[in-house]
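Here the sequence shown is numbered in our numbering, starting from 446 and rising by one per residue. Heads up: the structure comes next, in structure tokens.
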Amino acid sequence: MKIAIINLKSYEEFKNIIEHIETLEKEIINVKISLFIDKQYEQDFLHLDEKYDLCTLDMKDMNILDLKFKLDKIKYYAREKYDIAIDTQGTLKTSIIAYLLSGRTAGFKISGFKGYLATLLYDEKIDRKDEIPSISMKKLLSKPFGFSS
């Protein structure tokens with residue numbers, strides 16, 4: 446099974462996701478995980494390169510209208526045929542990337558107009574409610590695979 450995890454934030458903001466990803470690796474046999482990260486943070490993620498495929502996207506100072514210029518790179522990665530793409534960040538930009546990478550997507554329900562548009566692209570939607578972020582992240586990385594959180 447191939448899983449794409451999209452998070453364009455810095456490594457410091459990404460660290461709490463790593464433990465949940467490691468749990469996924471233990472639960473799913475023959476899983477291959479690709480982390481989609483922003484190119485500006487690539488150096489911070491290099492120590493994870495041996496364990497995961499690091500896929501960099503140059504998203505610095507880019508708005509949603511510029512996304513079409515990055516489609517070639519996203520389409521290149523989409524050839525990997527990911528079974529599911531999980532958007533751990535929850536922005537319109539990252540939801541579009543998830544949608545382009547896989548026919549099956551998961552992400553957080555987001556408020557506001559952009560959030561509503563992003564949520565339309567998800568097959569599995571997790572409501573953050575008033576939960577602790579690590580609990581909602583665990584749900585996001587468990588529910589699409591039928592695991593209880």
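Think of the CB as a built atom: it goes at the ideal place given N, C-alpha and C, for glycine as much as any other residue. This one's a predicted model, so the numbers in the text were calculated from it and none came from an experiment.
If we call anything under 8 Å between Cβ atoms a contact, is Phe553 one with Arg573? yes
What residue ranges within the region 513-564 form continuous alpha helix (DSSP H) runs of no fewer than 4 residues, ordered along the chain? 516-523, 537-546
Could you tell me the boundaries of the beta strand (DSSP E) in which Phe481 lies? 477-483
What's the gap between the Cα of Asp494 and the Cα of Lys559? 32 Å
Could you please give the first and the last residue of the uninterrupted beta strand (DSSP E) stretch that includes Leu502? 498-502
Whose CA, out of Gly557, Glu457, Leu469, lies closest to the CA of Ile529? Leu469
Within a Cβ cutoff of 8 Å, which residues of the same chain sit near Leu566, ignoring the five residues on either side of it in sequence? Ser540, Ile541, Ala543, Tyr544, Thr550, Gly552
DSSP on Ile462, reduced to helix/strand/coil? helix
Local conformation of Ile451 per DSSP, three classes: strand
8 Å Cβ cutoff met for Leu546 and Tyr521: no
In angstroms, rounded to a whole number, what distance separates the CA positions of Asp517 and Asp503? 12 Å
Under the assumption that Ile473 contacts Ile531 (Cβ atoms under 8 Å), give the Cβ distance between them as a whole number of angstroms. 13 Å between Cβ atoms; not a contact.
From which residue to which residue does the alpha helix (DSSP H) around Lys570 run? It is not in any alpha helix (DSSP H) - Lys570 instead sits in the beta strand (DSSP E) that spans 569-571.
In chain order, what residues of the same chain have a beta carbon less than 7 Å from the beta carbon of Ser455, not counting five sequence neighbours either side? Tyr486, Asp489
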